[in-house]
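Which chain is which? The protein sequence lines are L and X, in order.
With the working numbering applied, the first sequence corresponds to residues 1 to 267, in that order.
With the working numbering applied, the second sequence corresponds to residues 268 to 457, in that order.
From the three backbone atoms N, C-alpha and C, an ideal C-beta is built for every residue, glycine too.
Keep in mind that this is a model prediction, so the values were computed, not measured.
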Amino acid sequence: MSARLLASGSGDKFEAPGLHIFDWKPIFEGQAGLAWLTKPTLIVILAALAVILFAWRAFGNPKLVPRGVQNVGEVAYLLVRDQVARPMLGKDGDRWMPFLFSTFFFVLFMNYAGVIPVLQLPATSHIAIPIVLALAVYGMMLFLGIKHQGLVGYFKNVMFPPGLPKALYVILAPIEFLSTIILRPFTHAVRLFANMFAGHLLIAFFATVAWWFLAEKLTPLGAGVGVVGFVMTIVMTAFEIFVQSLQAFIFTLLAASYINSSLHADH
Amino acid sequence: MTNLLAASVAAQEGQQHYSPLAPEPAELVVGTLAFLIVLALVGWKLVPAIRKTLEERTEAIEGGLKKAEDAQAEAQALLAKYNEQLKEARHEASRLREEAREQGAAIIAEMKEQAQAEARRITEAAQAQIEAERQQALQSLRAEIGALSVELAGRVVGESLEDSARQSRVVDRFLEELEERARTQEQITS
């Protein structure tokens, strides 16, 4: 990233990092068969491998008395189970653990790629990835809703929650339909995407400031700004780790909530 | 530097048509495949494995607790039984002690009686012997006295027949003395 940032200020003028820091060309340029392999897709693959490796090392040969990685894996499992699955899905929680655990750690590792040196790009800051995940949840939500409540029953439960004055449904039904059936996958995906996108941009901005004023154009006046940029880069990185964890958690929490709303009528 | 410059140019070019809200087809495909693979391996195989292990652990712990409870109950029962047996044994021991004491007392009384009887027997035997010896001594004394008397009589007759009066006095005195001595002896023996 720094190489690109270094190059971003082409000339004597400081230039803040823009959208181009998200734009990655194929790693092996010119090779038609590998055109799909860019830094973001590579990070997606690495994150998937990391989740698989972690889960395999922790749960591959589970012992009744846990040792080593299994202890960590069990803490991770219990975190998802007791903070996401059970509060959201109740007694169905344990049955949905495979999906929720996989989703949480896949998203988490892709988010963490934003602060891991060399990678330094959250794969989820590319909207395609949250879209894939959100669509998967959306598809499951519709399928389960129709399966458990019936085609008519599901839409009736979504649009006409019982116990309200009849007149209110005139307004409520379209709003509920819009928010649940149309907007849900977008808000679900964009919430994750926007957080990661903005966070990455912020870190890149402060890092560029620090690099520009402390390395590229070191002046007595600019040095102070550079130091602020340097300190803020560290602070924002710490904050980003928090946001990355939180967003992975929220994404999984919402997925569990959506699944639950399909298993049982919301209201 | 040329590399960086090239990258810069590429970045500048990319900026023209890069839209963050337009999903890359390659990323959609790779993301979908990666997610499916994660779901298949982690979700399908590994998470159920740990879930099963956790359930087994819960069962094992519950089973262990149950087993421990059973063992404790058994130990309690055993302790109660042993205490009961101990109490019985103590009771038995005290009973035996009492019995032994009684028996001992009886034995001592019997022995005392036997000893007394024996002592009495010994005393009686000793008295009888003493009596017998006394009789014997008396007999032999009498015989000796007879001999002595004869001897004395011979001497008296032989030496001083002339003074019959004195002789008779001597004899009388002698006989009196004898009488006296016999009496004294009789007194001693009785």
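So which residues on chain L does residue i lean against when the C-beta distance must stay under 8 angstroms?
i, result
"L295 of chain X", "A128, I131 and V132"
"E341 of chain X", "Under the 8 angstroms cutoff, chain L gives no residues; its nearest Cβ is about 25 angstroms from E341 of chain X."
"Y285 of chain X", "L19, H20, F22 and D23"
Over what stretch of residues does the alpha helix (DSSP H) that includes residue i continue unbroken?
i, result
"V305 of chain X", "P292 to V305"
"H148 of chain L", "A128 to Q149"
"P87 of chain L", "R86 to L89"
"L108 of chain L", "M97 to Y112"
"L268 of chain L", "Any property of residue 268 of chain L remains undetermined from this structure, which presents chain L solely from 1 to 267."
Helix, strand or coil, according to DSSP, for residue i in the structure here?
i, result
"Q120 of chain L", "coil"
"T219 of chain L", "coil"
"G199 of chain L", "helix"
"Y154 of chain L", "helix"
"I259 of chain L", "helix"
"G163 of chain L", "coil"
"S286 of chain X", "coil"
"H264 of chain L", "coil"
"V72 of chain L", "helix"
"V115 of chain L", "coil"
"L272 of chain X", "A caution first: L272 of chain X carries a pLDDT of 46, below 50, which makes its placement in the model unreliable, though a value can still be read off. Correct three-state label for L272 of chain X: helix."
"Q247 of chain L", "helix"
"L253 of chain L", "helix"
Can you name the residues of chain X whose CB is closer than 7 angstroms to the CB of residue i?
i, result
"P98 of chain L", "G310, W311, V314 and P315"
"V152 of chain L", "Within chain X, no residue comes near V152 of chain L; the closest Cβ sits about 31 angstroms away, beyond 7 angstroms."
"P40 of chain L", "E294"
"V51 of chain L", "V305 and V309"
"G60 of chain L", "L313"
Identify the contact partners of residue i in chain L, using a Cβ-Cβ distance below 7 angstroms as the criterion.
i, result
"E329 of chain X", "Under the 7 angstroms cutoff, chain L gives no residues; its nearest Cβ is about 13 angstroms from E329 of chain X."
"R364 of chain X", "Neighbours of R364 of chain X on chain L: none; closest Cβ ~57 angstroms, over 7 angstroms."
"L288 of chain X", "I127"
"R324 of chain X", "L64"
Check whether chain A comes within 8 angstroms of residue i, counting only Cβ atoms and requiring the distance to be less than that.
i, result
"A301 of chain X", "Among the protein chains of the structure shown, namely L and X, there is no chain A."
Residue i touches chain X at which residues, Cβ-Cβ below 8 angstroms?
i, result
"P87 of chain L", "Simply none; closest approach about 18 angstroms."
"W36 of chain L", "A293, V296 and V297"
"D94 of chain L", "R318"
"E240 of chain L", "Under the 8 angstroms cutoff, chain X gives no residues; its nearest Cβ is about 17 angstroms from E240 of chain L."
"G73 of chain L", "I317"
"A48 of chain L", "A301, F302, I304 and V305"
"V44 of chain L", "E294, V297, G298 and A301"
Which chain X residues sit within Cβ distance under 9 angstroms of residue i?
i, result
"G68 of chain L", "In chain order: nothing, as chain X lies at least about 14 angstroms away."
"Y77 of chain L", "V314, I317, R318 and L321"
"W56 of chain L", "L308, V309, K312 and L313"
"F197 of chain L", "P287"
So which residues of chain L does residue i contact, with C-beta pairs closer than 9 angstroms?
i, result
"L306 of chain X", "P98, F99, S102, T103, F106 and A136"
*Taking the runs of the alpha helix (DSSP H) that are 4 residues or longer, which of them lie wholly in the stretch 1-69 of chain L?*
2-8 and 39-59
*Decide yes or no for the touch test of the stretch 105-121 of chain L against the stretch 50-66 of chain L: beta carbon pairs closer than 8 angstroms, at least 3 of them.*
yes
*the stretch 74-87 of chain L in contact with the stretch 249-264 of chain L per 3-pair CB rule at 8 angstroms*: yes
*Count the C-beta pairs between the stretch 110-118 of chain L and the stretch 30-47 of chain L that are closer than 8 angstroms, then say yes if the count reaches three, no if not.*
yes
_Report the start-end ranges of each beta strand (DSSP E) in the stretch 306-376 of chain X that is 3 residues or longer and not cut off at the edges._
none
*Below 8 angstroms, can you find three or more Cβ-Cβ pairs linking the stretch 235-250 of chain L to the stretch 202-210 of chain L?*
yes
*At what residue ranges does the stretch 377-456 of chain X contain a whole run of the alpha helix (DSSP H), taking only runs of 4 or more?*
431-456
*Looking at C-beta atoms only, is the number of pairs between the stretch 57-76 of chain L and the stretch 142-151 of chain L that lie closer than 8 angstroms three or more?*
no
*Hey, is the stretch 335-349 of chain X in contact with the stretch 86-95 of chain L, meaning 3+ C-beta pairs nearer than 8 angstroms?*
no
*Indicate whether the contact test is met: 3 or more Cβ pairs, each with one atom in the stretch 66-81 of chain L and one in the stretch 128-136 of chain L, closer than 8 angstroms.*
no
_Segment contact flag, the stretch 209-218 of chain L with the stretch 226-233 of chain L, C-beta cutoff 8 angstroms, min 3 pairs_ = yes
*Please determine if the stretch 183-198 of chain L and the stretch 167-174 of chain L are in contact, where contact requires at least 3 C-beta pairs separated by less than 8 angstroms.*
no
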